[in-house]
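A short write-up of the structure that comes next.
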């Protein structure tokens, strides 16, 4: 006879991360076709990472170095890749080789919904209760999951690595004035004689 006991003791951190995870994403909108998903995920991650004060370029490099250290870039045409492989490669690199295609895809995306969702998620993640290391690991898992969805069920880990190396190779987005989150003082004191 065997006995198994599972004890769940959710922490405040787990609750916050779960809240962020379950924020509905506008990426399954009918306007986001399969081939557009990589650009949609790229756009969302650029906005999210910028709002949690991370450089998308450094985030992608660290994630790629820590989780995909053995992958390297090779030209599919040199190894005789077929048309399907070249299309998969284009999706994994967010159509970087075809700027016109990339721009036309971005025009079709629900931009306002993507930015709004990134803001909501950043508000949940930008808190004192979450330590940076925990958020970094969670964001890595989350980004990998989104990239996997964007590239489809038959993607390889190399395709995810390629996406990280190409699609997130950007500096943070310049946010409008007043949108950057900053930590305030632990206690606010008000002067009753000066209401301003």
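In my numbering, the protein residues as written are 14 to 209. Ideal Cβ positions, reconstructed from N, Cα and C, are used throughout, including at glycine.
Between residue 173 and residue 115, the CB-CB gap reaches or exceeds 8 Å. With respect to residue 189, residue 62 sits apart: the two C-beta atoms are not nearer than 8 Å. Between residue 77 and residue 178, the CB-CB gap stays under 8 Å.
By the beta-carbon neighbour count (other beta carbons within 10 angstroms, threshold 16), residue 57 is buried. Secondary structure note for residue 142: it is in no alpha helix (DSSP H), with a DSSP letter that is neither H nor E. Taken through DSSP and simplified to helix, strand or coil, residue 130 comes out as helix.
The Cβ-Cβ distance between residue 29 and residue 143 falls below 8 Å. Within a 10 Å sphere around the beta-carbon of residue 36 sit fewer than 16 other beta-carbons, which makes this residue exposed. The three-state reading of DSSP puts residue 53 in helix, counting H, G and I together.
Between residue 181 and residue 70, the CB-CB gap stays under 8 Å. Residue 163 is classed as buried because its beta carbon has at least 16 other beta carbons within 10 Å across all chains shown.
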